[in-house]
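Participant: The listed protein sequences derive, respectively, from chains A and B.
Following the numbering used here, the numbering of the first sequence begins with 1 at its first residue and continues without gaps.
Following the numbering used here, the numbering of the second sequence begins with 1 at its first residue and continues without gaps.
C-beta atoms are modelled at their ideal positions from N, C-alpha and C, and glycine is treated no differently.
Submitted below is the structure of interest, expressed as structure tokens.
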Amino acid sequence: MTRRFPFLLPFLALAHPLGAEVDFAHQVVPILEKHCVECHGGDESKGGLSINTRELIMDKDVIEPGKPEESLFIEVLTDEDPDFRMPPPDKKDSLKAEEIAVLERWIAEGAKWEEGFTFAPDRYEPPLKPRAVKLPKGAPGTNPIDLIVAAHLKAKGTEPPKPVDDRTFLRRVTLDLTGLPPSLEILSQLPTEGNLDRVAAVDKLLANNQTYAEHWMTFWNDLLRNEYIGTGYIEGGRQQVTTWLYRSLVENKPFDSFIREIIAPGPESGGFIKGIKWRGEVNASQTTEIQFSQNVSQVFLGINMKCASCHDSFTDRWTLREAYGLAQIYSEKPLELVRCDKPTGEKAVASWIFPELGNVDPAKPRDERLKQLAELVTHPANGRTQRTIVNRLWNQMMGRGIVHPVDAMNTEPWSEDLLDLLANQLVESKYDLKAVMRLIAISRTYQSRTEVRGENEGTYVFQGPVRKRMTAEQFMDSIRSVIGVWPAPDKNAFGKGLTGGQLTAVMAAHGLEKWDNRPVRAVFAKRDELQAALGRPNREQVVSARPDIVTTLEAINLANGPELAGLLKAGAANLQGKSTPRELIENTYLAALSRKPTDSEVRIATEILGETPTSEATEDFLWSVFMLPEFIYIN
Amino acid sequence: MKHENWYDESHPELTRRRFLGALGATTAATFLGGAPRGFASSIKQPEATADSCILIWMAGGMAAPETFDPKRYKPYEVGTPVDQIISTFPAIDTAVDNIKICQGLEHIAGVMDRATLIRSHFQPDLGSILHSRHQYHWHTGYVPPQTVAAPHIGAWMAKVLGGRNDVMPAFINIGQQLEGHGESEELKAFTTGGFFGSEFGPMNLPFPDLASQAVKPPGGMSPDRFAKRYKALENLLKNSPKSEELSDYHQESMLRSIDNAHRLLGSKEREAFDLTQEKKEVFDEYNTGRFGQGCLLARRLVENGARFVEVTTEYVPFLHWDTHENGHTTAAKMKKEIDRPIARLIKDLEERGLLDRTLVVIATEFSRDMMIEGVPGSTAKDQSRAKTDVIKEMKHYGLHRHFTGGSSVVMFGGGMKKGFLYGKTADERPCLVNENPVSIEDLHATIFTAMGISPKTEYSIEGRPFYATRDGHGKAVRDVFA
Numbered sequence: 001m002t003r004r005f006p007f008l009l010p011f012l013a014l015a016h017p018l019g020a021e022v023d024f025a026h027q028v029v030p031i032l033e034k035h036c037v038e039c040h041g042g043d044e045s046k047g048g049l050s051i052n053t054r055e056l057i058m059d060k061d062v063i064e065p066g067k068p069e070e071s072l073f074i075e076v077l078t079d080e081d082p083d084f085r086m087p088p089p090d091k092k093d094s095l096k097a098e099e100i101a102v103l104e105r106w107i108a109e110g111a112k113w114e115e116g117f118t119f120a121p122d123r124y125e126p127p128l129k130p131r132a133v134k135l136p137k138g139a140p141g142t143n144p145i146d147l148i149v150a151a152h153l154k155a156k157g158t159e160p161p162k163p164v165d166d167r168t169f170l171r172r173v174t175l176d177l178t179g180l181p182p183s184l185e186i187l188s189q190l191p192t193e194g195n196l197d198r199v200a201a202v203d204k205l206l207a208n209n210q211t212y213a214e215h216w217m218t219f220w221n222d223l224l225r226n227e228y229i230g231t232g233y234i235e236g237g238r239q240q241v242t243t244w245l246y247r248s249l250v251e252n253k254p255f256d257s258f259i260r261e262i263i264a265p266g267p268e269s270g271g272f273i274k275g276i277k278w279r280g281e282v283n284a285s286q287t288t289e290i291q292f293s294q295n296v297s298q299v300f301l302g303i304n305m306k307c308a309s310c311h312d313s314f315t316d317r318w319t320l321r322e323a324y325g326l327a328q329i330y331s332e333k334p335l336e337l338v339r340c341d342k343p344t345g346e347k348a349v350a351s352w353i354f355p356e357l358g359n360v361d362p363a364k365p366r367d368e369r370l371k372q373l374a375e376l377v378t379h380p381a382n383g384r385t386q387r388t389i390v391n392r393l394w395n396q397m398m399g400r401g402i403v404h405p406v407d408a409m410n411t412e413p414w415s416e417d418l419l420d421l422l423a424n425q426l427v428e429s430k431y432d433l434k435a436v437m438r439l440i441a442i443s444r445t446y447q448s449r450t451e452v453r454g455e456n457e458g459t460y461v462f463q464g465p466v467r468k469r470m471t472a473e474q475f476m477d478s479i480r481s482v483i484g485v486w487p488a489p490d491k492n493a494f495g496k497g498l499t500g501g502q503l504t505a506v507m508a509a510h511g512l513e514k515w516d517n518r519p520v521r522a523v524f525a526k527r528d529e530l531q532a533a534l535g536r537p538n539r540e541q542v543v544s545a546r547p548d549i550v551t552t553l554e555a556i557n558l559a560n561g562p563e564l565a566g567l568l569k570a571g572a573a574n575l576q577g578k579s580t581p582r583e584l585i586e587n588t589y590l591a592a593l594s595r596k597p598t599d600s601e602v603r604i605a606t607e608i609l610g611e612t613p614t615s616e617a618t619e620d621f622l623w624s625v626f627m628l629p630e631f632i633y634i635n
Numbered sequence: 001m002k003h004e005n006w007y008d009e010s011h012p013e014l015t016r017r018r019f020l021g022a023l024g025a026t027t028a029a030t031f032l033g034g035a036p037r038g039f040a041s042s043i044k045q046p047e048a049t050a051d052s053c054i055l056i057w058m059a060g061g062m063a064a065p066e067t068f069d070p071k072r073y074k075p076y077e078v079g080t081p082v083d084q085i086i087s088t089f090p091a092i093d094t095a096v097d098n099i100k101i102c103q104g105l106e107h108i109a110g111v112m113d114r115a116t117l118i119r120s121h122f123q124p125d126l127g128s129i130l131h132s133r134h135q136y137h138w139h140t141g142y143v144p145p146q147t148v149a150a151p152h153i154g155a156w157m158a159k160v161l162g163g164r165n166d167v168m169p170a171f172i173n174i175g176q177q178l179e180g181h182g183e184s185e186e187l188k189a190f191t192t193g194g195f196f197g198s199e200f201g202p203m204n205l206p207f208p209d210l211a212s213q214a215v216k217p218p219g220g221m222s223p224d225r226f227a228k229r230y231k232a233l234e235n236l237l238k239n240s241p242k243s244e245e246l247s248d249y250h251q252e253s254m255l256r257s258i259d260n261a262h263r264l265l266g267s268k269e270r271e272a273f274d275l276t277q278e279k280k281e282v283f284d285e286y287n288t289g290r291f292g293q294g295c296l297l298a299r300r301l302v303e304n305g306a307r308f309v310e311v312t313t314e315y316v317p318f319l320h321w322d323t324h325e326n327g328h329t330t331a332a333k334m335k336k337e338i339d340r341p342i343a344r345l346i347k348d349l350e351e352r353g354l355l356d357r358t359l360v361v362i363a364t365e366f367s368r369d370m371m372i373e374g375v376p377g378s379t380a381k382d383q384s385r386a387k388t389d390v391i392k393e394m395k396h397y398g399l400h401r402h403f404t405g406g407s408s409v410v411m412f413g414g415g416m417k418k419g420f421l422y423g424k425t426a427d428e429r430p431c432l433v434n435e436n437p438v439s440i441e442d443l444h445a446t447i448f449t450a451m452g453i454s455p456k457t458e459y460s461i462e463g464r465p466f467y468a469t470r471d472g473h474g475k476a477v478r479d480v481f482a
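What follows is the structure in structure tokens.
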């Protein structure tokens with residue numbers, strides 16, 4: 001709710017009588033607009049100071065109402081040191097004496113502000129409720145995603161991206177849904193180009209509960225900050241949700257139940273809302289109660305509550321009171337609002353941030369409040385939750401969110417219809433995440449060629465999926481599937497203590513009495529140096545997007561790090577003598593890139609391998625293939 | 001020692017932009033390791049007085065009264081009430097008349113005329129002492145936990161200043177193992193580029209004598225084979241039918257990084273990582289153990305263009321400076337380990353004309369005291385393992401409690417005053433800072449300012465500004481600049 005100068009009109013005719021109070025709109029605003037707003041208003045808050053609203057200025061203690069002589073705001077206007085003077089002398093002229101006099105008088109009179117006035121620009125305000133989508137016309141049976149995208153592209157005057165061939169599609173969708181490239185066996189059963197039943201292929205991948213869960217575990221571990229070892233465990237200030245999470249993925253638990261079990265948890269799913277408790281005193285904005293407020297908002301609603309948990313946000317509409325209201329739902333003890341590490345004396349009241357959907361009852365005990373919150377987050381009329389998750393799924397599969405970045409759901413989507421279509425699909429399928437993925441995967445839009453992007457191109461226009469970088473886990477697992485060597489299960493992964501136990505979780509979900517030699521996927525390994533270099537986060541904070549570029553230290557690690565070198569050695573030993581060089585080349589290309597090598601690639605690979613490949617030559621060949629951008633990027 | 005030069009002579013065809021160039025990728029590649037980075041904001045950056053920074057980290061809490069801030073000395077004597085003990089080492093003279101330091105630091109005493117000694121550094125108590133948490137605070141300027149991953153001070157240097165040349169990694173971390181002990185996860189949490197991303201994170205070299213392996217072909221691989229492997233990759237890239245799709249910045253980043261890695265692995269600067277290239281007598285003088293070797297490595301890296309190097313005595317719970325008992329004996333041992341190599345490092349830098357533009361900082365997460373945990377009135381739990389009222393045996397003798405009320409920092413070169421003493425702590429317990437207090441943010445501001453980075457430098461993350469010093473509040477201690 002922003003407004004600019006709605007109050008000006010009635011006053012325009014009035015002259016400013018001498019001796020009367022300073023007129024905020026006519027006298028103060030123009031001075032601020034001319035000298036200050038460029039750096040301290042709108043989207044800018046240089047030096048952490050935004051003057052968009054009175055509250056924001058007061059937050060920073062730069063104005064002492066009634067006492068201009070004690071106000072830093074005035075002091076910096078005349079500071080003799082050019083390094084401290086405002087506006088910076090190299091940027092703007094200093095204020096005239098009469099302008100300073102107006103501001104001094106304004107502060108002396110209490111720095112009054114027009115109710116509701118802000119320097120912030122009008123913003124996109126996303127709808128909260130779900131919205132029915134009227135589909136554009138098209139051939140019967142057309143995937144509704146494609147109908148919307150086609151209409152969107154037509155309106156933009158853009159050509160639709162070209163479709164990909166069966167192999168590119170199969171590699172993409174297999175990596176997206178299972179984290180692995182298609183196996184040699186699957187590839188050998190491919191019909192001639194153009195004849196793959198793509199819908200059946202998608203259904204088959206989604207039907208494999210195990211590989212689906214193993215892959216999407218990475219995404220959810222990042223989002224729920226779930227790691228098997230790490231900070232906080234040392235003192236019992238942290239709890240895993242591994243067992244619950246893995247089983248939920250295997251069962252494809254409806255997403256509304258999933259959320260309810262996290263927010264109002266049972267014994268196995270409480271780790272997320274517990275947060276990480278560090279011993280000793282922590283910053284007021286990092287208590288476990290505030291972590292709860294921040295993490296629930298970010299993960300399920302795409303709201304950044306981090307700013308608002310210290311002061312009213314400069315960048316969106318959330319306030320300190322709302323951040324604490326959420327925290328109080330979780331808190332067992334009454335919380336006092338703390339603004340920028342200074343207690344305010346105001347007590348928090350347990351409340352939820354979209355009261356139009358109902359609210360929690362602050363008088364109820366905590367577990368009741370959490371249940372009420374869980375109902376509100378998953379309320380059928382709460383389109384925000386639905387849009388947030390489908391946008392995340394779209395981002396995972398298409399390389400870029402319809403709303404981007406995915407944690408800023410107050411941003412305008414490039415297609416509201418598309419976002420709402422997917423959200424409605426989620427609800428209609430009874431919160432079946434796989435149903436949403438399926439709708440995306442069988443669309444022509446998903447099956448298009450990736451766009452070729454430069455860095456920092458201007459306004460985003462959809463031109464096809466964005467190429468995705470394999471995660472650390474996908475990279476490790478893909479290499480292992482190519483070389484056919486999987487690690488022995490880590491003994492610590494079978495524990496039942498605070499840390500570890502991730503393979504016990506797998507056994508529990510699949511009803512295994514003992515480990516059955518299934519591949520131990522990288523998601524269950526501890527984060528080693530190579531995985532860290534490849535971008536697996538330490539999960540101290542919620543992570544919703546992995547790095548999309550390859551860094552220098554990573555390239556050094558891939559060139560000479562012991563982990564990859566060891567894998568290549570094991571791979572060469574496994575592949576040694578099992579096939580002719582030609583077969584080794586073809587199988588490696590197929591397994592790694594899902595395509596056959598060209599003649600010139602065969603020729604070069606043969607040069608690398610020699611007639612009777614040594615172990616070293618085989619390692620070098622494998623390394624060269626794994627270093628191809630075509631391998632590490634999902635095209 | 002045979003000089004392995006597989007890059008320059010045996011394979012002259014290897015050129016700098018080989019992998020990116022192989023594909024004719026279009027955009028002008030800004031080499032990530034080399035190009036200076038634009039500042040995040042238009043904030044005015046101070047004029048640098050140093051180009052490189054070496055942080056010598058006394059991990060685990062170095063007691064100031066046993067090192068750089070000697071107090072009333074009480075020799076070991078069974079039956080002494082412990083509250084009479086403040087220092088367990090006598091003071092010694094240094095090259096500067098008005099500065100005395102503790103016995104056991106004779107070599108450093110000899111170079112104190114090149115130093116600024118700050119005795120008034122202090123840390124917030126945080127209500128409970130966990131070394132890794134205080135180290136997180138010291139290394140990032142922010143108290144954990146944080147809503148975003150706070151970058152290490154070295155990552156700030158890497159991000160804002162970049163490398164000094166186009167091969168040497170900007171941020172190198174020597175001597176700390178990040179695996180295998182009780183607080184390793186906590187250490188990893190700040191040994192990172194934080195939200196800047198891993199491009200700006202540390203190159204970790206836990207064992208100085210093995211550092212050369214980090215920039216060499218993998219173990220057992222001949223240089224010739226390593227070169228051939230890169231050649232194979234280049235040929236496969238050139239012949240890939242997919243190469244027309246490669247002018248995508250994601251894929252380009254990969255080739256650019258492979259180029260960067262390849263360039264470092266093939267550069268003459270990589271020899272800086274190899275301590276065996278050093279003369280034996282020099283190596284021996286530094287070699288008091290891993291820490292001493294780390295100082296030598298730091299010198300070699302700075303000579304070859306490193307921007308920020310940290311060398312640590314290594315934090316392992318209850319080891320090294322982390323004295324929960326046997327404080328006196330351990331402090332004596334630690335001083336033996338640090339004294340000679342630090343002094344030699346300063347002299348070497350000076351001899352090479354590098355000291356003026358290299359800021360060397362000796363610091364620690366907090367000091368220690370015989371009696372006080374935290375500061376007077378702290379709620380921190382007493383963690384001493386040698387609790388007693390009177391000294392009964394040697395293990396009782398020494399400073400076994402974590403003291404946050406005053407510690408010492410030594411700074412050499414990089415625009416700092418020479419032979420200068422700044423700040424004081426009380427002579428009697430509690431030995432709190434009583435003159436010119438220097439907080440972590442102000443100390444960081446001083447280091448950043450020397451390096452030409454304003455303490456108010458900010459980057460935007462998740463829609464909010466994040467500053468080089470906490471909320472941009474750090475103020476450089478102007479008095480210590482020459």
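Is it buried or exposed for Thr147 (chain B), if we count other Cβ within 10 angstroms and need 16 for buried?
Facilitator: With at least 16 other beta carbons inside 10 angstroms of its own, Thr147 (chain B) counts as buried.
Participant: Who are the Cβ neighbours of Asp417 (chain A) in its own chain at under 7 angstroms, not counting the five residues just before and after it?
Facilitator: Closer than 7 angstroms at Cβ, skipping near neighbours: Val133 and Ile148.
Participant: May I ask you to report which of helix, strand or coil DSSP gives Leu337 (chain A)?
Facilitator: strand
Participant: With burial defined as no fewer than 16 other Cβ atoms inside 10 Å of the residue's Cβ, what is the status of Leu512 (chain A): buried or exposed?
Facilitator: exposed
Participant: Taking any Cβ of chain B, which residues in the stretch 459-471 of chain A have a Cβ under 7 angstroms from it, in chain order?
Facilitator: Arg467 and Arg469
Participant: Met203 (chain B) versus chain A: which residues are under 8 angstroms apart at the beta carbon?
Facilitator: Leu553 and Ile556
Participant: Could you name the residues of chain B that Trp318 (chain A) contacts, counting a contact when the two beta carbons are closer than 7 angstroms?
Facilitator: Ordered by position in chain B, no residue passes the 7 angstroms Cβ test against Trp318 (chain A), which lies about 11 angstroms from the chain.
Participant: Does any C-beta atom of chain B lie closer than 8 angstroms to the C-beta of Gly47 (chain A)?
Facilitator: yes
Participant: Return the chain-ordered ranges of every beta strand (DSSP E) run that is complete within the stretch 133-193 of chain A and spans a minimum of 3 residues.
Facilitator: List check, beta strand (DSSP E) in window: nothing returned.
Participant: Taking 8 angstroms as the CB-CB cut-off, is Lys268 (chain B) touching chain A?
Facilitator: no
Participant: How would you write the range of the alpha helix (DSSP H) that Leu49 (chain A) sits in, first residue to last?
Facilitator: No alpha helix (DSSP H) holds Leu49 (chain A); DSSP gives it neither H nor E.
Participant: Could you tell me which of A:Leu558, A:Thr504 and A:Gly484 sits nearest to Asn492 (chain A), measuring between CA atoms?
Facilitator: A:Thr504
Participant: Which class does Pro68 (chain A) belong to by DSSP, given the choice of helix, strand or coil?
Facilitator: helix
Participant: I'd like the list of long-range same chain contacts for Gly561 (chain A), defined as Cβ closer than 8 angstroms, with 5 residues on each side in sequence excluded.
Facilitator: Glu529, Leu530 and Ala533
Participant: Given that Tyr633 (chain A) touches chain B, what residues does it touch there, using C-beta distances under 7 angstroms?
Facilitator: His250 and Gln251
Participant: Are any of the Cβ atoms in chain B nearer than 8 angstroms to that of Arg279 (chain A)?
Facilitator: yes
Participant: Give the DSSP-derived three-state secondary structure of Ile99 (chain B) in the structure shown.
Facilitator: coil
Participant: Closer than 7 angstroms between beta carbons: that is the criterion. Which residues of the stretch 290-305 of chain A meet it against chain B?
Facilitator: Gln294 and Asn304
Participant: Check the Cβ-Cβ distances between Asn239 (chain B) and every residue of chain A, and say whether any is below 8 angstroms.
Facilitator: yes
Participant: From Thr552 (chain A) to Arg470 (chain B), what does the alpha carbon distance come to, in whole angstroms?
Facilitator: As the crow flies, the alpha-carbon of Thr552 (chain A) is around 29 angstroms from that of Arg470 (chain B).
Participant: Candidates A:Leu180, A:Asn283 and A:Cys310: which alpha carbon is nearest Ala323 (chain A)'s?
Facilitator: A:Cys310
Participant: Taking Cβ-Cβ distances shorter than 7 angstroms, what residues in chain B pair up with Asp283 (chain A)?
Facilitator: Per the sequence presented here, residue 283 (chain A) reads as Asn, with Asp not at that position. What Asn283 (chain A) touches in chain B: Val143.
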